[in-house]
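Protein chains in written order, with the UniProt record's numbering: chain A, 1 to 352; chain B, 1 to 352.
And the structure:
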């Protein structure tokens, strides 16, 4: 196998420059870094892990913790796959590999993290599905394992995070529905304790307040993040005493099941019930009619996560000293016929 | 943290018994193993990795290599998630953790495996998406890293594998379509070089031969494993000079796109084109009409994979000496209205 010395000789560069390029550290011209990474790929460069471990305690592997055992994973959520995909490709440019670490819902998340930290097989961790009070964040802060989170948390700590704009999207969704004439707007949340549901709910309340509409907890519906959950959601809405004319859906994986239940009752999204999802994932564009929602580039998000991890590792080594970066990711509204004024059938019912 | 000695004291068992139970090795009564694992969870047992590594070179982590950067991953394939989920849970019973290692299609698979082996962060690997000629198998055989494959390969080696019954399902699908009166049966394959496509094609040819029908390579269509690929498939079938009356679909993720294209031409699966998928995944049951296919328990498959890995590691330590196990996984036919006799519109066209 090709080592760093052979690689440096081949490129006629110093070992230090090659090392910095391979490890995504600053002080290397992008073109030089690209040349080093390409030669490393072509020559089959393999880092001397034992030397590296002794020197810096590194495996050059980033762990991405996902929750497994939840219905949403069985329903085919493309969000994580597409984001991880892009993150993986960008991490390679930083000389880092990715390991997805599934923590089963039947396992204790702290025991899981304790094992992961004790084994020392990753240099940094990315946590997802953050809770408002997240004991994993407290644990990792104590363990001194570098980490960032995809999703905010109210748990304090000096860690970087990136979060999608659940608050802003919910607020904007209410405004759009109100502008179309809706007054009885249901909110569908995942029935798990995840921080994003709090932010989506807060944005919904803020949107209602801005439109001088009352908040009614009866209109907040909680279902499994799955197609079956969407079918259940359809039943809750159609049989709801307040006869909501619109629904805002936090988990887009429920939308196909919702459509299916509407169809079973002879109803159509848009015409009979306005539907707007948090995220307009690709499957939602194949529905009839396509479902409205908010788009983001999962590729850009994956790149941002990779760059944030690389910065975190560089900071840990004293190469960067900036504050942990935190970022709320913007989303772009995508209109669609599922977003329509209150329908004749349901809009005319008189319950308010 | 609780070590193995404290755990053994607490359970009033020998350290050897506790170690065997934790590591999924034979010679421990299932009830005892369960008691040990439960106590380990309750007491927050963390293995002493340095001691373990010196003694047996183990990290108790299994790497599951997935290909990333392919359209099928973006389309929301639940197969891998659900299988990995069940495997993860069963591995925990063997005292093993799982790390999903995404190898990007832009990366060289051998460099990727060389890095993974050199880092020594996993005890064994599971390979997926096997090729008929798979250089990864040859590499891992040389590297002496224990591995098994999900999917057969023509590449020789003394490794265990589990494969779904692509051949048998394709053969059975042809027989069912022929019994309904179909003669012009299209075959949709992924346009990637994966071994499963070869087996599905071979089963199709065997089914045609058994029915005394000619094989025509014109009816073998290759599209991306994605919803967009399904839309393209719809175009290829509807504009095909031979006017196929049925299609067998290897990648079930293409079926929603196929339905969508049919609908855009005023056609319906079943009535106008018989559709039978290799696997009847949950989203296919939500289509209108639900798509026929073959079912399997991804939970059972995940458990089988986990047990096979545990056996592989036990064999490596001299505790088991059996031959690598190989298994073709059976599938169960699930009927649905998408499987119907040739329709009036298309069945009556005279091209054969």
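All C-beta atoms in this analysis are idealised placements derived from N, C-alpha and C, irrespective of residue type, glycine included.
Any C-beta of chain B sitting closer than 7 Å to the C-beta of residue 6 of chain A? The residue given as residue 6 of chain A occupies position 6 in the first chain. For residue 6 of chain A, the answer is no, since every Cβ of chain B falls outside 7 Å of its Cβ.
Quick one: residues in its chain with C-beta nearer than 6 Å to the C-beta of residue 178 of chain A, no 5 flanking neighbours on either side, listed in chain order? Here residue 178 of chain A refers to the residue found at position 178 of the first chain. If we look at residue 178 of chain A and ignore the five residues flanking it on each side, its Cβ neighbours are 211.
Considering just the uninterrupted stretch of the alpha helix (DSSP H) at residue 20 of chain B, what are its terminal residues? By one-based count along the second chain, residue 20 of chain B stands at place 20. Residue 20 of chain B -> alpha helix (DSSP H) spans 15 to 22.
In chain order, each beta strand (DSSP E) run of at least 3 residues that lies wholly inside the segment 58 to 113 of chain B: 61 to 68, 97 to 104
For the candidate residues A:339, A:65, A:136, whose alpha-carbon lies nearest to that of residue 80 of chain A? Position 80 of the first chain, counting from 1, holds the residue named residue 80 of chain A. With distances taken between Cα atoms, residue 80 of chain A lies closest to A:65.
May I ask which residues mark the beginning and end of the alpha helix (DSSP H) holding residue 302 of chain A? Along the first chain, read from residue 1 onward, the residue named residue 302 of chain A stands at position 302. Per DSSP, residue 302 of chain A belongs to the alpha helix (DSSP H) from 298 to 316.
Going by C-alpha distance, which of A:61, A:234, A:161, A:245 is nearest residue 255 of chain A? Along the first chain, read from residue 1 onward, the residue named residue 255 of chain A stands at position 255. The candidate whose alpha carbon is nearest that of residue 255 of chain A is A:234.
Length-filtered (4 minimum) alpha helix (DSSP H) runs lying within the segment 215 to 285 of chain A: 227 to 238, 255 to 264, 282 to 285
What residues in the segment 251 to 276 of chain A have a beta carbon less than 9 Å from any beta carbon of chain B? 253, 256, 257, 259, 260, 263
Check this for me: beta carbons of residue 223 of chain A and residue 247 of chain A, under 7 Å apart or not? Counted from its first residue, the first chain places residue 223 of chain A at position 223. Counted from its first residue, the first chain places residue 247 of chain A at position 247. No, the pair does not count as a contact, with Cβ atoms beyond the cut-off.
For residue 284 of chain B, collect the residues of the same chain with a Cβ closer than 7 Å to its Cβ; drop the 5 residues on either side in sequence, then sort them by chain order. Locating residue 284 of chain B in the second chain gives position 284, where the first residue counts as 1. If we look at residue 284 of chain B and ignore the five residues flanking it on each side, its Cβ neighbours are 252, 255, 277, 290, 291, 293.
Residues of chain A with CB under 8 Å from residue 286 of chain B, in chain order? The sequence position of residue 286 of chain B within the second chain is 286, counting from 1. Here the neighbours are 227, 256, 257, 260.
Sub-7 Å separation of residue 130 of chain A and residue 149 of chain A beta-carbons: On the first chain, position 130 is the one that residue 130 of chain A refers to. On the first chain, position 149 is the one that residue 149 of chain A refers to. Their beta carbons are under 7 Å apart, which means residue 130 of chain A touches residue 149 of chain A by this criterion.
Residue 250 of chain A and residue 189 of chain A closer than 7 Å at C-beta: Translated into positions along the first chain, residue 250 of chain A becomes position 250. Translated into positions along the first chain, residue 189 of chain A becomes position 189. Yes, they are a contact pair.
Can you check DSSP and say which residues form a bridge with residue 190 of chain A? As a position in the first chain, residue 190 of chain A is number 190, starting the count at 1. DSSP output for residue 190 of chain A lists A:223 as bridge partner(s).
Determine the contact status of residue 101 of chain A and residue 63 of chain A, defining contact as a CB-CB distance below 7 Å. On the first chain, position 101 is the one that residue 101 of chain A refers to. On the first chain, position 63 is the one that residue 63 of chain A refers to. It is a contact, given that the beta carbons lie within the stated cut-off.
8 Å Cβ cut-off: residues of chain A touching residue 99 of chain B: Position 99 of the second chain, counting from 1, holds the residue named residue 99 of chain B. Near residue 99 of chain B (Cβ distances below 8 Å), the residues of chain A are 63, 99, 100, 101, 121.
Exposed or buried, which one is residue 27 of chain B when buried takes at least 16 other CB atoms within 10 Å? Counting from one through the second chain, the residue named residue 27 of chain B turns up at place 27. Classification of residue 27 of chain B: exposed, given that the 10 Å Cβ count is below 16.
So, do the segment 228 to 243 of chain B and the segment 258 to 270 of chain B have three or more beta carbon pairs nearer to each other than 8 Å? yes
DSSP puts residue 147 of chain B in a beta bridge; with which residues? Stepping through the second chain from its first residue, residue 147 of chain B is reached at position 147. B:125.
Assigned secondary structure, residue 292 of chain A (DSSP; H/G/I helix, E/B strand, else coil): On the first chain, position 292 is the one that residue 292 of chain A refers to. Strand at residue 292 of chain A.
Determine the chain A residues that contact residue 84 of chain B at a beta-carbon separation under 8 Å, and present them in chain order. Taking the second chain and counting its residues from 1, the one referred to as residue 84 of chain B is at position 84. Correct list: 68, 102.
Within-7 Å CB hit, residue 59 of chain A to chain B: Here residue 59 of chain A corresponds to residue number 59 of the first chain, with the count starting at 1. At least one chain B Cβ lies under 7 Å of residue 59 of chain A.
Determine contact between the segment 168 to 177 of chain A and the segment 195 to 215 of chain A, defined as no fewer than three beta-carbon pairs at a distance below 8 Å. yes
Quick one: is residue 53 of chain A near chain B, going by C-beta distance under 7 Å? Translated into positions along the first chain, residue 53 of chain A becomes position 53. For residue 53 of chain A, the pLDDT reaches just 40, beneath the cut-off of 50, and the residue's location in the model is therefore unreliable, leaving the point undetermined.
Among residues of its own chain, excluding the 5 on either side of residue 308 of chain A, which ones have a beta-carbon nearer than 7 Å to its beta-carbon? To locate residue 308 of chain A, count along the first chain from 1; it is residue 308. Excluding sequence neighbours, residue 308 of chain A sits near 148, 160, 162, 325.
What first and last residue would you give for the alpha helix (DSSP H) that runs through residue 32 of chain A? Stepping through the first chain from its first residue, residue 32 of chain A is reached at position 32. 30 to 43 is the extent of the alpha helix (DSSP H) around residue 32 of chain A.
Give the DSSP-derived three-state secondary structure of residue 184 of chain B in the structure shown. Residue numbering aside, residue 184 of chain B sits at position 184 when the second chain is read from its first letter. Coil.
Along the chain, where does the alpha helix (DSSP H) that runs through residue 196 of chain A open and close? As a working mapping, residue 196 of chain A is identified with position 196 in the first chain. Element bounds for residue 196 of chain A: 195 to 210.
CA-CA distance, residue 237 of chain A and residue 220 of chain A? The sequence position of residue 237 of chain A within the first chain is 237, counting from 1. The sequence position of residue 220 of chain A within the first chain is 220, counting from 1. Computed Cα separation, rounded: 10 Å.
Residue 5 of chain A - containing alpha helix (DSSP H), residue span: Mapped onto the first chain, residue 5 of chain A falls at position 5. Note, residue 5 of chain A: alpha helix (DSSP H), 4 to 11.
Quick one: is residue 88 of chain B near chain A, going by C-beta distance under 7 Å? Taking the second chain and counting its residues from 1, the one referred to as residue 88 of chain B is at position 88. Yes - at least one Cβ of chain A is within 7 Å of the one on residue 88 of chain B.
Kindly indicate the opening and closing residues of the alpha helix (DSSP H) around residue 213 of chain A. On the first chain, residue 213 of chain A is found 213 positions in, with the first residue counted as 1. Looking at the DSSP string, residue 213 of chain A is not in any alpha helix (DSSP H), and its letter there is neither H nor E.
Please report the distance separating the alpha-carbon of residue 32 of chain A from that of residue 300 of chain A. To locate residue 32 of chain A, count along the first chain from 1; it is residue 32. To locate residue 300 of chain A, count along the first chain from 1; it is residue 300. Approximately 23 Å between the Cα atoms of the pair.
Is the beta carbon of residue 97 of chain A closer than 7 Å to that of residue 128 of chain A? Within the first chain, residue 128 of chain A is the residue found at index 128, counting from 1. Within the first chain, residue 97 of chain A is the residue found at index 97, counting from 1. Cβ atoms of residue 128 of chain A and residue 97 of chain A: not closer than 7 Å.
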